[in-house]
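In my numbering, each residue carries its 1-based index in the sequence shown increased by 29.
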Amino acid sequence: MKVFTNQIEHERPDSLTAIQIKNQRFNKGFFLAMLLALLLLSQVSKAQVLDNVALDNIKPLEELLTIAEGNMASIDRLSTSQEKVMEEISVTKKKWLRHLALTAGVNYGNGIVSDQLTDGATDNRFTYLTRQNITYNVGLNLRLPFTEVSSRKHEIKIQKLEIKRLEGMKQEQRDFIRQEVVRFYKELKSCLKAVELQTEVVEANEVALKIAENFFKAGKTPMEQYRMAVDACYTSKLEYEKSKNEAWYCMKILSELVGESILK
30 MKVFTNQIEH
40 ERPDSLTAIQ
50 IKNQRFNKGF
60 FLAMLLALLL
70 LSQVSKAQVL
80 DNVALDNIKP
90 LEELLTIAEG
100 NMASIDRLST
110 SQEKVMEEIS
120 VTKKKWLRHL
130 ALTAGVNYGN
140 GIVSDQLTDG
150 ATDNRFTYLT
160 RQNITYNVGL
170 NLRLPFTEVS
180 SRKHEIKIQK
190 LEIKRLEGMK
200 QEQRDFIRQE
210 VVRFYKELKS
220 CLKAVELQTE
230 VVEANEVALK
240 IAENFFKAGK
250 TPMEQYRMAV
260 DACYTSKLEY
270 EKSKNEAWYC
280 MKILSELVGE
290 SILK
């Protein structure tokens, strides 16, 4: 009984009819069709974004580079740091004013002046005068230690070097964003061209499938050729959706790098 069962199970693959084989091949085309339908449902929003999008509708590369540099938050932060250091330099240059002092004073008092008058003919006479005296004193005092002068000079130099360092970091950020924008701009251009070419392939395969379907219904085309036409049509559609997905990804990344819409 065991030998008989094994023999039946061994003979099952050989017992498949030609119709069953054709049905299996046709099911492969049906599976591709279902896979394409699911992919289309997941890519609806992306397809809507890419509708009527061509390279002519995208802003020029130089404009995108300028916008990207202007919208970089990291460059803004570095510029703010530079302004802060410049203000610190201005404060450092004025530190010597702390050692400058302005003095002023007023003296007030009453005095008696005695004058002796002699004319030779008469006796000496004394005259007493009472006067009020007011004295104003204004002075400028500067006490600037030598160490203060030396340290001030080095402190300003250090702050200027900090400004140069920040400027170098800003340039690194500019170079990075420019490289990324150029790279994704080229990729987007290539993807849009691929979408355009793949559209033509899909249209050609749809025409070929329709012709093959008519011949198949009329009994003039075997199942194998019809299946190949179905596979070619749905495979080209899958490649078309793949190209659109890559183009959408590049456009999304490029918009994030630029900081705003890249469309005109």
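Glycine residues also receive a C-beta, built at the ideal position from the N, C-alpha and C atoms. From a predicted model like this one, the values you see are computed outputs, not experimental measurements.
{"Query": "Per-residue DSSP class, three states only, for K273", "Result": "helix"}
{"Query": "7 Å Cβ cutoff met for N166 and G197", "Result": "no"}
{"Query": "Span separating the alpha-carbon of W277 from that of S265", "Result": "18 Å"}
{"Query": "Validate contact between the segment 95-102 and the segment 280-293 using beta carbons, cut 8 Å, 3 pairs", "Result": "yes"}
{"Query": "Contacting residues, own chain, Cβ-Cβ under 7 Å from G168 (five flanking each side not counted)", "Result": "T132"}
{"Query": "Residue nearest to E216 in terms of C-alpha spacing, selected from K124, C279 and L190", "Result": "C279"}
{"Query": "E289 - containing alpha helix (DSSP H), residue span", "Result": "Per DSSP, E289 belongs to no alpha helix (DSSP H) and is neither H nor E."}
{"Query": "Extent of the continuous alpha helix (DSSP H) run through D105", "Result": "A102 to K122"}
{"Query": "Beta-carbon proximity check, A247 vs A258, cutoff 7 Å", "Result": "no"}
{"Query": "Option nearest R160 by Cα separation, candidates Y137, S179 and K239", "Result": "Y137"}
{"Query": "Same chain, Cβ closer than 8 Å to S284, five either side skipped, listed in chain order", "Result": "S290 and I291"}
{"Query": "Distance between L267 and A296 (C-alpha atoms, nearest Å)", "Result": "Residue 296 falls outside the range modelled here, since the chain spans only 30 to 293, and no answer is possible."}
{"Query": "S179 to D105 span [Cα, whole Å]", "Result": "34 Å"}
{"Query": "Collapsed DSSP secondary structure at A237 in the structure displayed", "Result": "helix"}
{"Query": "Straight-line Cα distance separating L195 from G113", "Result": "The residue you asked about is not Gly; residue 113 is Lys in the sequence shown. The straight-line gap from Cα to Cα measures roughly 11 Å."}
{"Query": "For E225, the nearest candidate out of K293, E275, A102 and R212 (CA to CA)", "Result": "E275"}
{"Query": "Burial state of N234 (16 or more Cβ within 10 Å)", "Result": "buried"}
{"Query": "Beta-carbon proximity check, I187 vs Q111, cutoff 7 Å", "Result": "no"}
{"Query": "Other residues of its chain near K218: CB distance less than 8 Å, five sequence neighbours each side excluded", "Result": "L84"}
{"Query": "Beta-carbon proximity of K199 to L107, cut-off 7 Å", "Result": "yes"}
{"Query": "Pairwise C-alpha distance: M252 and F245", "Result": "7 Å"}
{"Query": "Buried/exposed call for Q208, threshold 16 Cβ in 10 Å", "Result": "exposed"}
{"Query": "Segment limits, alpha helix (DSSP H) that includes A97", "Result": "L90 to G99"}
{"Query": "Sequence-distant residues of its chain with Cβ nearer than 6 Å to K51 (five each side left out)", "Result": "Since pLDDT at K51 reaches only 45, below the 50 mark, its modelled position is unreliable, and the value read off the structure follows with that caveat. The residues are M252."}
{"Query": "Residues of its chain near N139, where Cβ-Cβ distance is below 6 Å and the 5 sequence neighbours each way are ignored", "Result": "Q161"}
{"Query": "Pairwise C-alpha distance: D260 and V243", "Result": "Here residue 243 turns out to be Asn, not Val, going by the sequence shown. Looking at the two C-alpha atoms, the distance is approximately 16 Å."}
{"Query": "Backbone CA spacing between K25 and R181 [nearest angstrom]", "Result": "The question about residue 25 has no answer here: the residues shown for the chain are numbered 30 through 293."}
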